[in-house]
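S.K.: Chains as they are written, first to last, in our numbering: chain A, 23 to 93; chain B, 725 to 1684. For glycine and all other residues, C-beta sits at the position ideal for the given N, C-alpha and C. Mind having a look at this structure? Questions to follow.
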Amino acid sequence: MGNHQLTSLIKMANQIAANNTHIGNETEEATMVANHLRKFWARSMKQQITDYLIEGGEELSPIAKKAVAEL
Amino acid sequence: MLQYFDPDKDYGTPAQLSENMITLEINGVSITVPEGTSVLRAAAQADINIPKLCASDNLEAFGSCRVCAVEIEGRRGTPASCTTPVETGMKVTTQNKRLGKLRRNIMELYISDHPLDCLTCPANGNCELQDVVGAVGLREVRYGLEGSSVETRTHLDAEKDHSNPYFSFDPSKCIACSRCVRACGEVQGTFALTIDGRGFDSTIAPGQNQPFLDSECVSCGACVQACPTSTLMEKSVIEMGQPEHSIVTTCAYCGVGCQFKAEMKGAEVVRMVPYKDGQANHGHSCVKGRFAFGYATHEDRITKPMIRDSIDQPWQEVSWEEALSFAASKLKGLQQRYGRESIGGITSSRCTNEETYLVQKLIRAAFGNNNTDTCARVCHSPTGYGLKTTLGESAGTQTFDSVMYADAVMVIGANPTDAHPVFGSLLKKRLRQGAKLIVADPRRIDLVKSPHVETNHHLTLRPGSNVAFINAMTHVVITEGLEDKTFIANRCEESAYQAWREFISEERHSPENTESITGIPAEELRGAARLYAGAKNAAIYYGLGVTEHSQGSSMVMGIANLALATGNIGREGVGVNPLRGQNNVQGSCDMGSFPHELPGYQHVSDDQIRGRFESVWGVKLDNEPGLRIPNMFDAALDGTYKGMYVQGEDIAQSDPNTNHVQAALRSLECLIVQDIFLNETAKFAHVFLPGASFLEKDGTFTNAERRINRVRKVMPPLSGKQDWEVTQALSNSLGYEMNYNHPSEIMDEIAQLTPTFASVSYERLEEMGSIQWPCNDETPDGMPIMHVESFPIGKGHFAITEYVATEERSTRRFPLLLTTGRILSQYNVGAQTRRTENQVWHDEDVLELHPVDAEDRGLQDGDWVGITSRAGGTVMRAKLSDRMQPGVVYTTFHHPGSGANVVTTDNSDWATNCPEYKVTAVQAVKVSEPSEWQQRYNEFNNQQQGLLKQRRRNKAAARD
Ligand code: SF4
Ligand code: SF4
Ligand code: SF4
Ligand code: FES
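Listed below in C-alpha cells is the structure:
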C-alpha cells in the first residue's frame, strides 16, 4: 500500500480544522471537526487517520489531532 | 365563453398580470380580461382570431402592419387591435365589409412585393403570410412585381446569408415586420439586428450590415422563431421539410432546464422549438438547446456493448448478456479478493433522476457499500453543504421568474449570459427595466457592459479572496446598521446570530482592512453593500466562481449570511440562487448520489431512515459514508480500490490534476463506462456499455430552481436500451433483483422514500407540466419560493465564516493565477457540442491573458503558450484580452487535447472536496511545440482510437 490516501487525509483534516477555529475553545472546535469527520468520512479513511495518530500523527495540526483522537 | 390557455396558440400580445379585470364586448360577445390586455389578445382568448402579422405574444406590440385593424364604437378610424388596450364597456367589431377590404388592400401591397414561389418555399405549410393572405381572402394582385420600381425591388434581389451554421437569411422574403429585431432585443437582449429605412423599403441586417456569423449574434434562434415567413429559417427545415408531429421534452445541457417541442418527421428530429409553456424558459432558448442536438445521431456514437481484459487490447463487441455477465463476474471477483469496499461507482448529473437513483441504489444495495459519488462533487457540493447549514435545504430558494421582482441583483462568480443563457436574457430584461446590478468577478464578463445594460459596481476581486470579500460586505451591513432587525429577530437563531455578529463586526473584516486581500477599493465595496442592503428586494445569483475554491462552502454560507442579515429570503425578487452547471446537478444531488446521504439528503447513519430504505430495498445497508471521488482515486493508487461503474461522466477530462486521475484509472482492474461516446474515461475502460441520449429516453431532470421537468423519448434508443434498463440489467446480473417496467415506477419508489418528493408522480407531472420540490402533503403543488414562513431547520442559522487563504498563491515561480470557466457554445467536456456545428464558434481552448502580462512574456495573439503549475503543464494558444485583470489568466476545458486540467491541482474545498478549479498559480511562457503531456495524450489517444477501429475490423471479419 502506498500513502497517496494518507497524504490527502492529513491535508483534509488540517484544512477542516483550519476552517473551524473561530470558537476560541479548542475542545469545542475539536468536537466540531470530529463530527465533520464522522459525518463525511468513509470507514477506511477514519481508520487510516486514527492509525496515523497512534503512530504519532506529526503532520496533524493540534486541533486536528484532538479531533482524530475523539473518533 | 371560450377561455383556456393553449400554449401552441399565438395570442398576439403578452399576457398581463393585473388583478383589475375589464369587461368589454367583441362582436357582441362579453369578454373579461386583466387590465392592460390588448383588444387583439382579448379577442384571441375568446377564439376570435383577428388577422395579424407584426404581432406575436412574446413581443411588445409594434403596430406596423395594420392588418389587425378593428372598429370600436364611438371611435374614429380603424385602430390596430394589437396596440389598443381594452377599456370597460368597449364595443369592438372585428370583421365587416370595410375591414375586410382594408385588410385585402394591405395584403395586396405585401404580396406585390413578395416572391410568389410558395410551392417550393421552405415555409410552405407553416407561413403566417400565407395564412393571413388566405384569411383575408386576397384574390388578385393589381401591382405586379414587373411594375414595381427598381428601388422597391432591391430587397428581392438581396443576397442570401448562409453564414450561420443552423439558419439561413433570405432577405427577398422579408416583409419588414420587425419581429426578429424585437425578439433579439426584448427576448434575447443581444440587440444584434437593426431595421433600416421605412415602410416597404425597410431592410433587416445583423450588426453593421455583416453576415450573421460575424455579427454580435449569439445564435439563440429567437429571431428565427419569431419570423412569420421563410426569411429566417432553420437549415434543417430547408433540408427536410416541415415536421409532422411533436413531443415536449427538456434540454439536456444546462441547469436552466428549458423545455422544447421536438418537432419530428418519423423518428428524426427536424427542429427543436422552445416550448411556450416551459415554466423555466417560456418559449426561449440558447444555441445549445435549440440547435446543437446533432450529436445524438453522430457517427461516433457507439451502440454495441464492448469488453476487453486490459486496456492495451482491442475492444470486442459482444451481446448485452455477455457484457453484463463479464462485468458482474469481474466486480464480484474483485470484492472476493479485495473486500466489499474495493468497488464503487459514479452517477451522472446529465442522466435522469430515475437513472441516478438507480445507480446509487445499485451501489448501496448490490455492491453493499456507499462508494457512490457524482460529478456535482466537482461543481456544486459546497452549495449543498453551505445552504443546508444556514437555511436548512440544499437548494436555491427561488424561481427564475422571481428575478423580475428584484430591485438589485448581485451576480457572484457566475457568467449567466454564457453559462445559463436563458436566465441571462431574463436578468437582462429586468436590468433594462431599471434593476441595479453588482457583479463580483475577476473578469469583465458580458453583463458588466452590454447593450442597454451597465453594472453599477464591478467588484474585480482577486481569485481566492471570496470569503474576505463577502465578510467585508456583511461587515458593512452590520456596522452601518443596514441589517433587517425584524427579520433577524423573527426568523433567525438568536445565539448564533449574536456570536456571528460579534465576529463580523471586528474591524479586521472592514473593506479598508481587506482591500489588500481582495483588491477591491474599499469605497466601491461599501457602495455595493449599501446598494444591496438598501434595495427593497435584493437577489444573489452565484456560480462556480463561488463553489470551486478551497473555501467554497464558507463562501456559500457567507452569501446566505448576507441574505439573512438583510432579510432577503422568503419572497419574490430576493433569495440565494445557485446557478447549476449541468442539466441535472440538482437532481443528482437530490437522488442520493453522495456517499454520506441517501436520496433526499438523508444521512446513512440515521438508523430509522436507513431502516425504511432497507425494508423497501430488501437488503441490509452500510451505515458509514463511502468514498468521495478524489478519495476513490487515492485509494485506487494505494491499491485498495479496484473497480468502478461510471455512468455518463468523463472524469478523465473533467476532474482536476489529470495526471493523477489517469494514473488512478490505469490502476483499476475493472472500469465499466456507460456513455454515448468513447469518451476520455472510456479509453481506460474494460467494459463499455452504450448509453442513450436524452432524445432516446423517458425520465425527469431537476433544474436549478428545483423544478422537476419531464424528459420524453422521441426516438428509440440506438443501442436498444435506455440507461436505466442497463443499470437494472447489471444489477440483476449481480444477483440483486430489479424489476421496473418504466421510469414512472422508479419515481414512485423515490416518492415513497423521499419526504420532499412524496407527492411527485408522472401523473402529477403530466397535469402540472413541472413541479418545484418539496412536493408532499403540505405543499401538494410544490413550492416555487422557499422559506416563506420558516426554514426546514426552524430558524435561519448565521454561520461563522473565517477567511483562510488558499495554499495556492502566486509565487516567483508561478506568478499568475489561472481561473477556468466555460463559454456559450460549448458544454462542459464538450463531448456533445464538439460533435455539432457549434465548433464554428470555439474549436479550441485558448489562454486569455491581459496585454500587459503578454507583453512581459513577448506573447502575441495566437502564439503558442506553455502553462505550468506545480501539478503539470500544457500548451495552448494565447488570446490577448483586456477582460482580464493583469496577473489573472483564464481558460476553458471543453477540448480534451488542450489539457486545462493537467494544470489544475488537487486543492479542494475544506468541507466537500470540491476542487479549486478557480485558482491555480501558474507561469506562462512562449513555446514552439505542444507539451510533453499533449504528446503522450496524442499517442494514447491514437492507440485507443486504433483499438476501437480494430473492433470494427473484427466485426467485419466475423460477418464474412
Ligand atoms: S439568433 Fe438570437 S442573437 Fe442572433 S440575431 Fe437572432 S435573436 Fe439575435
Ligand atoms: S426577417 Fe422575418 S421577422 Fe424579420 S422583419 Fe423580415 S419577415 Fe419580419
Ligand atoms: S443549454 Fe440551458 S439555456 Fe440553453 S436551451 Fe438548454 S437548458 Fe436552455
Ligand atoms: S398585428 Fe397589429 S399592427 Fe401588425
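DSSP has W1341(B) in a bridge; who is on the other side?
M.R.: The partner list for W1341(B) (beta bridge, DSSP) is empty, contrary to what the question assumes.
S.K.: Following the continuous alpha helix (DSSP H) through K1012(B), name the residue where it begins and the one where it ends.
M.R.: Run containing K1012(B): 1011-1015, per the alpha helix (DSSP H) assignment.
S.K.: Hey, how far is the Cα of V684(B) from the Cα of V1102(B)?
M.R.: This structure leaves residue 684(B) out entirely; chain B is present only between 725 and 1684.
S.K.: State the Cα-Cα distance for the pair G1297(B) and A1262(B), rounded to the nearest angstrom.
M.R.: So the two alpha carbons sit approximately 7 Å from each other.
S.K.: Assuming G1299(B) and A1284(B) make a contact with CB atoms under 8 Å, what is their CB distance in whole Å?
M.R.: Not quite, the Cβ-Cβ distance comes to about 10 Å (not below 8 Å), so this is no contact.
S.K.: In chain order, what residues place their C-beta within less than 5 Å of a heavy atom belonging to ligand 3?
M.R.: Here the list is C975(B), Y977(B), C978(B), V980(B), C982(B), S1009(B), C1010(B), K1012(B), G1013(B), P1145(B), V1146(B).
S.K.: What residue range does the beta strand (DSSP E) around C1394(B) cover?
M.R.: From DSSP, the beta strand (DSSP E) with C1394(B) extends over 1394-1399.
S.K.: Spell out whether any CB of chain A is found under 9 Å from the CB atom of V980(B).
M.R.: Cβ-Cβ to chain A under 9 Å: no for V980(B).
S.K.: Would the beta-carbon of G979(B) fall within 9 Å of that of N1427(B)?
M.R.: The answer is yes: Cβ separation under 9 Å.
S.K.: Leaving out five residues before and five after I1700(B) in sequence, what residues of the same chain have Cβ atoms less than 6 Å from its Cβ?
M.R.: Limits of chain B in this structure are 725 at one end and 1684 at the other, which puts residue 1700(B) out of reach.
S.K.: Pop quiz: R1074(B) and A976(B) are said to be a contact at Cβ under 8 Å. What is the actual Cβ separation, rounded to whole angstroms?
M.R.: Between A976(B) and R1074(B) the Cβ distance is about 6 Å, and since that is below 8 Å, they are a contact.
S.K.: Since S66(A) meets chain B, which of its residues come closer than 8 Å, beta carbon to beta carbon?
M.R.: Going along chain B in sequence order, the residues near S66(A) (Cβ under 8 Å) are E1065, L1351, A1359, T1364.
S.K.: Kindly provide the chain-ordered list of residues whose Cβ lies closer than 6 Å to any non-hydrogen atom of ligand 1.
M.R.: The answer, residue by residue, is A907(B), C908(B), Q912(B), T914(B), A916(B), L917(B), P930(B), C941(B), V942(B), S943(B), C944(B), G945(B), A946(B), C947(B).
S.K.: Under a three-way DSSP split, which group does K825(B) fall into?
M.R.: Of the three classes helix, strand and coil, the one that applies to K825(B) here is helix, per DSSP.
S.K.: Report yes if the CB atom of A1138(B) is closer than 9 Å to the CB atom of V1309(B), and no otherwise.
M.R.: No, these two residues do not count as a Cβ contact at 9 Å.
S.K.: Quick one: what does DSSP say W1497(B) is sitting in, helix, strand or coil?
M.R.: Reduced to three states, the DSSP call for W1497(B) is coil.
S.K.: By the three-class DSSP mapping on this structure, what secondary structure does D1379(B) have?
M.R.: DSSP places D1379(B) in coil when its eight states are reduced to three.
S.K.: State yes or no: is the beta carbon of K87(A) nearer than 9 Å to at least one beta carbon in chain B?
M.R.: Output row for K87(A): interface = no.
S.K.: Between which two residues does the alpha helix (DSSP H) harbouring G1110(B) extend?
M.R.: Run containing G1110(B): 1105-1114, per the alpha helix (DSSP H) assignment.
S.K.: Return the Cβ separation of P1166(B) and Q1609(B) in integer angstroms, given the expectation that the two are a contact with Cβ distance under 8 Å.
M.R.: With a Cβ gap of about 6 Å, P1166(B) and Q1609(B) count as contacting.
S.K.: Roughly how far, in whole angstroms, is the beta-carbon of A1089(B) from the beta-carbon of Y1460(B), given that I think they are within contact range, below 8 Å?
M.R.: Contact holds; Cβ gap of about 6 Å.
S.K.: Could you check if G1670(B) is buried or exposed, using at least 16 other CB atoms within 10 Å of its CB as the buried criterion?
M.R.: So G1670(B) ends up on the exposed side.
S.K.: Closest to A1119(B) by C-alpha separation, out of Y1614(B), M1510(B), V1589(B), would be which residue?
M.R.: Nearest C-alpha to A1119(B): M1510(B).
S.K.: Name the residue from P1302(B), T756(B), N1094(B) whose alpha carbon lies nearest to the alpha carbon of A770(B).
M.R.: Ranking P1302(B), T756(B), N1094(B) by Cα distance to A770(B) puts T756(B) first.
S.K.: With 9 Å set as the bound, which would you pick, yes or no: does the beta-carbon of T43(A) sit closer than that to a beta-carbon of chain B?
M.R.: Answer yes: the Cβ-Cβ gap between T43(A) and chain B drops below 9 Å somewhere.
S.K.: So, helix, strand or coil for V709(B), using DSSP?
M.R.: This structure gives no information on residue 709(B), because the portion of chain B shown stretches from 725 to 1684.
S.K.: Going by C-alpha distance, which of P1441(B), I1396(B), D1422(B), T1405(B) is nearest A1416(B)?
M.R.: Checking every option, the nearest Cα to that of A1416(B) belongs to P1441(B).
S.K.: How many Å lie between E1491(B) and A779(B) at the Cα?
M.R.: Going by the C-alpha atoms only, they are around 30 Å apart.
S.K.: Between the alpha carbons of R1601(B) and H1022(B), how many angstroms are there, rounded?
M.R.: About 28 Å.
S.K.: Kindly provide the ranges of any alpha helix (DSSP H) runs that are 4 or more residues long and lie completely inside the region 1185-1210 of chain B, ordered along the chain.
M.R.: Here the runs fully enclosed are 1190-1203.
S.K.: Could you list which residues in chain B have their beta carbon closer than 9 Å to that of I76(A), in chain order?
M.R.: Those do not exist, as I76(A) stays about 19 Å from chain B at its closest Cβ, beyond 9 Å.
S.K.: Spell out a yes or no on whether the region 1657-1669 of chain B and the region 50-64 of chain A are touching, meaning 3 or more CB-CB pairs, one atom from each, closer than 8 Å.
M.R.: Verdict: no, contact absent.
S.K.: According to the Cβ coordinates, are P1354(B) and R65(A) closer than 9 Å?
M.R.: Taking 9 Å as the Cβ cut-off, P1354(B) and R65(A) do not qualify as a contacting pair.
S.K.: Listing by chain order, which chain E residues have their CB less than 8 Å from the CB of P1354(B)?
M.R.: Absent from the structure is chain E; the protein chains it does hold are A and B.
S.K.: From T1644(B) to P1187(B), what distance separates their C-alpha atoms?
M.R.: Computed Cα separation, rounded: 9 Å.
S.K.: In chain order, which continuous runs of the beta strand (DSSP E) of length 3 or greater are located wholly inside the region 730-788 of chain B?
M.R.: Listed in chain order, the complete beta strand (DSSP E) runs (minimum 3 residues) inside the region 730-788 of chain B are 745-750, 753-758.
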